[in-house]
Structure formats: C-alpha cells, structure tokens
Amino acid sequence: MKPAVIVLFCLCFSVASAARNDAPKFYDDDPLIVEPITQDASGAVEREIDLFFDLLMNTFALDRTPVDVVRAQNVNTIDEVPDSGWFTNRVLKRAITPDELTMGPARAGDGPAEGPWVIVAAKSAGAAPGFTVRDAEGETWFIQFDSPGYGEAATGAVVVANRLFHAIGYWQVDQYISVLRPERLTIGETARMRRPSGEKTRMTKDDLAAIFANADRRQDGSYRIVAARAVPGRTLGGFAYSGTRSDDPNDIVPHEHRRELRALKVFGAWANLVDLKAGNTLDTVITENGRSHIRHYLQDVGSGFGIGANGPHRWDEGFEYLYEGDKVWKRAVSFGFYRQPWQSADYYEFDSIGRFESDVFDPRTWKSRVPMAAELHARDDDAFWAARRVMAFTDEMIRAIVHTGQYSDAAAEAHLAKTLIGRKQKILQAYLPAINPITDPALTGGTLTFGNAAVEAGVATAPRGYSARWFRFDNRSRASSSIGETTADAARIAAPGGLPSAAGTFIKVDVSAIDPPHESWKRPVSMYFRQTDGGWKLVGLERMP
Amino acid sequence: MRALSRITARWPLGALSGALVLAASVTASAQENRADVVADEQRQKAGTLTPWTPGRVESMVIKLKQDLIDSPSGVYPTFDSVYSGGGFTLGAGYRQYYTPTTFWNVKGMYSFKGYNLIEGSTTSQGWLGGRLDWTAYGGRRDATEVEYYGLGNDTAGGDVPTFRMTQLYIGASTEYRPVRWLRATGDAAYESYEDEPEDLTSFAPGASANPDFLHLRGGLAYDSRRSPGYTRTGGMYGATLHAYIDQDDGTHSFERLDLDAVQHIPIGRETWAISLRGRVQTTLGDDDVPYFLMPSVGGGHSLRGYSSFRWREPHTLLTSAEWRWFPNLEGIDMALFADAGKVAPELDGLDFKDMHTDYGIGFRMHGLLSTPLRVDFARGSEGWHLNFAGSAAF
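Those sequence lines, one after another, are chains B and A. First residue of the first sequence? That's 14 in the working numbering, and the numbers climb one at a time after it. First residue of the second sequence? That's -14 in the working numbering, and the numbers climb one at a time after it.
As structure tokens, this is what we get:
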C-alpha cells in the first residue's frame, strides 16, 4: 500500500472516530416505531429471481452455520421491530378484534364479484393449477385450486396461513375462499399458455380442461378455490433473503439481518411453512403521499401445515433440508437404518390437513425445505422476539383463525388447531427461557416493574428474585456511573435513592435474575430510561447487544 | 437501527473507501434524531442506485438452464443406449420446435463398443386435451458386435462369437392416456434388418435372411406410477402385442406377446421400498423367429449379472426384486437386488425350475420423473457385471 494512501486512511479514520464519539447513544425520537422511508423508489425495476439458481445457491453454497451472526440491524433501541414496508406490528402490540383476526387483509364480504369471470392470464409459476381472472366488476384475481383427492387442503391452508401471518404482522395478499363453477368462465383473448416450445399461445378449452383435470372437483361439478386479489402497485418480483435491493434507496439493512425475516425460523416452524423461497415473496412499488416506496409481501404462505399445492408434504419436510450431505452418506451405508424423528412421528392424517404434528416437532431443529439466509442468521433474541408473538395468540384466537379454512370435517379443523396449539407450546418452551426473558420494563414512582415472558407463559418457574444495578448514564460519552443495587423477590424493584431528576438525564438499569431456573437469566437485560416531563421513559433495551 | 454501511470492497481501495464511508456516516450521525441518521443513509444509497444485474456464476447457470431446460430447441447431449450391450454411450442431438407443441429432432450416438445410431424424428405433444402424443421417426442402428450364445437355457458362457446387426427403420407411434392411470400405445414401423453371422458357431435361425418387416405394436397398461422414469410407489400392469410381418415371403413373420407387471411398495414412510417386476415374453404359434429378434434374458434391464442377450428362446420369464433405500429422497436411491430368469422353447417350459439368478447393489441418481444415472453392480454365476444406464431398472 502506498504511504499516501495509508496517511489518507488514517486521517479519515481519525476524523470518523472523533465524530463517532460525539454521536449520542439515544436520539430524541428513540425508539423509532416506524422505519423511516425518505427516498423515492419509483426507479426500481422488475427483477426475476431465478428459482433454479436460488435453489442451487441456497442448497449448496449457503453457509449453514454462519459465524458472523450479529444482532438484527433493523431493531429500534428497545429491541423491537418498527413498522415498515416489511412488517406491521399487530399481535402483542395491541388487541386484535375477532373480525380483524379472521378477515386478515381481506375486506368483509368483498370477495370476487358474482357473474361471469374472464380468464386473462395463465398461471406463470408454481406447481398448483390456477389462472388469473377478471370478475364482473373488473377486479383481477389469482385463482388457485385444491389438488385432486385433497379437497379443502390447499385452499384451507392458504387462507389459514394468510390470516395467521397477517395477524403476526407480515404483508399478506387479500385472499378469499370461494366456489368456481366452470360455466361462469370464458377465456379472454389475452390469456396465454406456455407451450412445450417455450412459446406462449392463446389458452384453449383443452388447456382449461387440463387445468381442471388437476384440480379437486366437487360432486356438484364446482371447484373450491382461493381467490387472491391482485396487490396494489407495480410488481417487481420476489425479494431475496440476503443482501439488499440495489435499486431501492430505502433498503439499507441486509435482509439476513432483518429481525422479521430471521424470525421466520420461528413462525415458519410454527406453521410448518417449509417453502420459504424467494419465489413465494413479492415486492411492489406503491405510491403514498406522493412518494413511491417498496412493499414486501410474503405472498404465498400456503405451503404450511401438512400439505402443499400438490398433496401432502413429503415425510421429511420440516425435519430435513432437501439435501444434507452427512445424512446422505449415513443412510447410504446403513441401508436406510439411520433413523430420523420424521420416521416415527405420529401423524393423524386428514386429507385436508396432511402431515402435521406437534409431538415430535422441535422448533430448534425444524427446517425449511431449503436453507434460507435470514433464518440461518437468527439468534436467540430474534427467536425470543418471535416467540412472544406466538405466545400472544390465545388458543381461542388460533381456533378462530383455523376456522377460516372452512373445513367441512370438524375433526380435521380441531386437529389443525390442536396441533398449532401444541407447536406453540413447544416454541414457547424452546425460546422464551433461552435468554433473560424480562419484558416491558417501566419505571414509575420510584419502582421498576417488568414482566417475565417465560414465567407468564408457564414454561419456567420464577426465579428467587431479581437484582437491579442502577447507573447514571451519559448519553454523549456513553459512560455510566453506579448509583446502587437493589433487589426484590418479585418483578417489582424499588429504585435506590439518588436517581437524577433533571429532564433529559438518563439512567441505566441492569436487571438479572437471582437463582434462576436457567443460567442465561443471570445475564442482565440493560434498560435505559430518560427523564421527561411525564416521568421516566424507556428509550433503550439490550437483551443480547 | 444500523448506523454504518457494510464495507466489502477490496483492500486497500476498500479500506480507503471504507474509511470515507465511515467518516461520511458519522458526520451524518451528528444529526439530532434517529430518523435523520437513517434518512442520511438512504440519501447516500440513493446516489449509488444500480439496477439489479446477475453475477457471472448466476448468468452462467441461468444460461445453461435456459439452453437445456427452458428453451428446448437447440443442441443437447444424450447418454441413451444404442442397443443393449453396447456399453457406455455418448451422443448429441438437435431439436427444433416448428409449432408450439411439435418438434423435429435428430440425434447421433456412439458407444464404447462402436455401436452407433442416427435417427430423425418429429414429435407432437398434447393432443386431445393433453392426452395424446405421436411421433414419426426413421433411422439406422448399427450394433457391431452382439454376442450370440446360441439358443437354449443352458448354453455355455465364456468367450462367444459375435455378429453384426444393422437396422433401418421408419415408422410412427402414438400414446393415448384417456385417464390418468390408463395408457394405450400403438406403433407401426417398416424395419429392414441385415446381419453378419459369419462368425457364429451355434444354430441361428434366420441367419443372413436379411428380412424386412412391417412391425405393428399395440399395448394397453394400467399405470399408477408417478412416472415410468422414476417412482417409489404405484404399479404398472400391461400387455403388448407385437406383429412382425415379413415383407418378402412371410417366412419370418411372427407375433409376440409381452406381459409386464411392476409394483413398488413403499415401507416406513418411504424409508425403503420393495420393487417387484415380472415379465413374460412369449412368441405366439410356431413362428420362425430370426435369432436377433428372439426374446432373451440378460443385460442391464434384465438379468443384470449376465451379458446382454445371454439366453435366447421364443419364450422368456424374468423376475426381479429390489430392496431400495433412499439416502436422499429427492435425488439418490440405492438398492439391493436380485433377478431370476429363464428361456424356453415352449411356453409351458416357463416354470420356476432352472432359473438363472443374480444379485447385486445399485446406485441411482434421479429426479422427480427420471433416472439419468443408474449404476448396478451385479453378480451372476459367471461373475460380476457393471451396468450403466440412463433409465430406471424397471
């Protein structure tokens, strides 16, 4: 390296370091509750992520045990995920009305209009039969069927998962279960089918017959369908689970470091959403308040529970990746006697639910079909964040969501709900006690109160007590000086004397458990409060810095 | 919220640009609120936007996929067989669609033993609502050194003389699937054979007759397999009738009935599968079948521990069983297998006495619907045989 370059580098670094020291730890607007979107993204262009390449890379090139796992980079200062074009906090943050829970992104009574439907396009991707129609009111809908012999399965799974992931907070497509009578359909002039030559030619009645031949036909000749409303805005194709979009100025956090994407390791495990590929996501450019920005949909969450578009999941789905080298050779040399949990899981198979169970299920070892970068980067704090949201779904809420699948077999519906509840419990057991589970701290009237998510969920016993170490905190220098230590045998600790009282001053409190049932609870959660006119305001929370 | 951009450029330019980015970022962090810090990062990125472009590896993979899968027109490699016993075969073809569902195709193949084939065809798919396909074809096959052990179920092994057989053929075939599980096939071809039996030491009916046949074939099968190319479940039960009509004086005309039964039985959630096959080929009546068209057992799709066409007679019986396990459900199979078969001059000779047997182990790489590579290592009473194939055993 040339000396001049070294000098310039050192100079820049010195300037940077000096400036860095001036940056406060907390700003006045911390914690952000909405991720800022400041730049116009109207120049973003459609990008087709090649599914074959995506599959190859994720299967064979992705580091399955990344060593550079860092804290999620889109969390705010209190370790929460701000609302954004990726995620909207719903469950846990606020009460969700029964209507909102069961309608999800759909609008009450607002499915496809009755009357003739015109097929305007063939289905361009995915294994399930389907096409795009325009209804009598000119609205565009994507139609998806159940596969033969598995009536209500794919359509039910799509809608139940759609409501579930919407309640969690992901952007979801507006979807309805409906009934299609073939006589309502006409083939529009724009509908094209891809032929073996690769050419696209006009869809014919034979094509339509072939689509219906791959769909589950009901006794009255009709077909149960899911109708998905075309999303608003200009579509850009799917998003990748790593890196950022090079054409989106607002996309500055690598996707593998977005907590809501890492958390799919937990939510995916809960719903057995095995097909977490880029092809099941969708970016759109929408314009709001005169500015274009990108919204990121988990577009297709229908591969969940025990069934996919073409029938029940493979036996090993959710348990193994598509390819795991060590298991290949172990099975090869053992003549198949190298056993795995999926081989002995006790499935209650309903044709409309598929292979979905909670007894052998282990959320920590659950796997999507193909490794996905964001879930591989998930840490215990990401999983804890997700588990709290799973915890927020009561059994009644889960049953209400499952009911939206409109299963005609009550036993199948009950099984799905029961399994989801069972898997929820496994998730809470796995992730809530794994790190110090202190939540929702508040400092009022000289008393610090907080919750313990693991204890509240009934998956851990309460510790003998809690210890709080109190500090004055300098927001500029980031230095802290001790005020004292207090303890209590419950989640309610009195502050020591001598807390600063001037507006704008900060304190830091490190809270850990005394004689906890889990060693990890001895690691303190650091809380930061700022004195405001209304009292102490929580501005920072560090669970795993 | 993230404050700094990730530095990934190369050293030393990377270090330099990294420091500059750091300086710029921290300057931004002198803002008075978090939203401004984020806005500053977004503003910086806005000045460096680029449309997405695939990297070199991605471009290469996409191009390969487009050439070989997405755009079926063009040159393609083939590892098909020229003729049983030809050994490892390489070849290439060129396919061109001239309607959205119809293509013409030429291919040439050459095997390690010098067997070669050139063939032209045109195929149309998806008629009658996707239920009917047809193909018209013509070509020349040259099997240069086919082993001939003579007729009978007890012929001696070891070094045997060979003959050369060339076949010119032109014909058309069709397959109709009225329902998912029923398959009807038909074929009509003009086939002209020439053989060079000079080295043969055993009786060889029809030697040097060089017959021309109108070969008619009709078949019907119940087929519940996922695909004939690869499956772990389902079965196929079918019958195919062949009529070879001698176009000279009728001397060598004959008819043959093939009965096939295949069943795959998954065990333990497809941890294993038992695959069973039974096949009977029987020549109808007292017809005089040329030796090179005589039903036979032996070879990679038959008795895998023996040479191709090891035993020939007008009637054959073949049974196979495989114990399969799946190191990877999506792509790798292994199997322990055993075959037993015999030939007989009369149909009532097809009993289970004096069966020739073999056993072995196999490794297969497969896709959802096909088996591009099958390696079976089999031992019969005459030693080990290594079989390579580009299709399922049965």
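Ideal placement from N, C-alpha and C gives every residue a C-beta, glycine not left out.
If you draw a straight line from the C-alpha of residue i to the C-alpha of residue j, how long is it?
i	j	result
A228 of chain B	K213 of chain B	22 Å
D219 of chain B	R126 of chain A	38 Å
R392 of chain B	Q442 of chain B	16 Å
N372 of chain A	Q419 of chain B	53 Å
S305 of chain B	T297 of chain B	10 Å
I451 of chain B	D41 of chain B	25 Å
M293 of chain B	V538 of chain B	It is Asn, not Met, that sits at residue 293 of chain B in the sequence shown. Near 37 Å, if we compare the C-alpha coordinates of V538 of chain B and N293 of chain B.
E255 of chain A	D318 of chain A	11 Å
P39 of chain A	A138 of chain B	20 Å
Y254 of chain B	G458 of chain B	45 Å
A345 of chain B	E307 of chain A	15 Å
L221 of chain B	G114 of chain A	9 Å
F239 of chain A	S193 of chain A	17 Å
A74 of chain B	F64 of chain A	28 Å
M70 of chain B	E43 of chain A	9 Å
E61 of chain B	G250 of chain B	5 Å
R116 of chain A	V83 of chain B	55 Å
G317 of chain B	A516 of chain B	51 Å
Looking only at DSSP bridge pairs, what is residue i linked to?
i	result
S260 of chain A	A:H249, A:E307
W328 of chain B	Answer is none; W328 of chain B lacks a bridge partner.
K278 of chain B	Looking at the DSSP assignment, K278 of chain B forms no beta bridge with any residue, so it has no partner.
S293 of chain A	S293 of chain A pairs with nothing; no bridge assigned.
V403 of chain B	In DSSP, V403 of chain B forms no bridge with anything.
H370 of chain A	A:A363
G151 of chain B	Answer by DSSP bridge pairing: none, since G151 of chain B is not bridged.
H390 of chain B	According to DSSP, H390 of chain B bridges with nothing at all.
H286 of chain A	Partner(s): none; H286 of chain A has no beta bridge.
Within 10 Å of its beta-carbon, does residue i have 16 or more other beta-carbons around it, so buried, or fewer, so exposed?
i	result
A13 of chain A	Low confidence applies here, because A13 of chain A scores a pLDDT of 43, under 50, leaving its location unreliable; read the following figure in that light. Result: buried.
D271 of chain A	exposed
R338 of chain B	Looking at the sequence shown, residue 338 of chain B is not Arg but Gly. With fewer than 16 other Cβ atoms within 10 Å, it is exposed.
D81 of chain B	exposed
S366 of chain A	exposed
M45 of chain A	exposed
G191 of chain A	buried
E388 of chain B	buried
T500 of chain B	exposed
V244 of chain B	buried
Locate the alpha helix (DSSP H) running through residue i, then write down its first and last residues.
i	result
E160 of chain A	Here E160 of chain A belongs to no alpha helix (DSSP H); instead the beta strand (DSSP E) covers 147 to 161.
F66 of chain B	64 to 69
H268 of chain B	Premise fails: H268 of chain B is in no alpha helix (DSSP H) and is neither H nor E.
L441 of chain B	423 to 444
F225 of chain B	218 to 226
G338 of chain B	338 to 346
M384 of chain A	Coverage of chain A is limited to positions -14 through 379, which leaves residue 384 of chain A absent and any answer about it impossible.
A413 of chain B	408 to 416
P62 of chain A	Looking at the DSSP string, P62 of chain A is not in any alpha helix (DSSP H); the run it does join, the beta strand (DSSP E), is 59 to 63.
Got a sec: does the ligand FAD put a non-hydrogen atom nearer than 6 Å to the Cβ of residue i?
i	result
I230 of chain A	What this structure holds is no ligand at all, so the ligand FAD is not there to describe.
With residue i as the anchor, note down where its beta strand (DSSP E) starts and where it stops.
i	result
D453 of chain B	451 to 457
I103 of chain A	101 to 111
N175 of chain B	Run containing N175 of chain B: none in the beta strand (DSSP E); it sits in the alpha helix (DSSP H), 166 to 181.
V10 of chain B	No answer is possible for residue 10 of chain B: the residues shown for chain B start at 14 and end at 558.
V290 of chain B	The sequence given here places Lys at residue 290 of chain B; Val does not occur at that position. First-last for K290 of chain B: undefined, no H or E at that position.
V328 of chain A	317 to 329
D197 of chain A	197 to 208
M94 of chain A	87 to 96
A501 of chain B	493 to 501
L198 of chain B	198 to 200
Taking a cut of 9 Å between CB atoms, which residues from the segment 311 to 335 of chain A lie near chain B? F311, P312, N313, L314, E315, G316, I317, M319, L321
Residues of the segment 37 to 65 of chain B with Cβ closer than 7 Å to any Cβ of chain A, in chain order: Y40, D41, D42, D43, L45, P49, T51, Q52, G56, V58, R60, D63, F65
Using a Cβ-Cβ cutoff of 8 Å, what residues of the segment 186 to 214 of chain B are near chain A? List them in chain order. R208, P209, S210, G211, E212, T214
Proximal residues, the segment 154 to 173 of chain A versus chain B, C-beta separation under 7 Å: none
Chain B contacts made by the segment 28 to 54 of chain A, where a contact means CB separation under 7 Å: R28, K30, A31, L34, T35, P36, W37, E43, V46, I47, K50
Note down, in chain order, all residues in the segment 218 to 238 of chain B with a beta-carbon under 7 Å from any beta-carbon belonging to chain A. D219, A222, A223
Would you list, in chain order, the members of the segment 254 to 280 of chain B that have their beta-carbon closer than 9 Å to a beta-carbon of chain A? T257, R258, S259, D260, D261, P262, N263, D264, I265, V266, P267, H270
Chain B contacts from the segment 248 to 272 of chain A (Cβ-Cβ distance under 8 Å): G253, R254, E255, T256, W257
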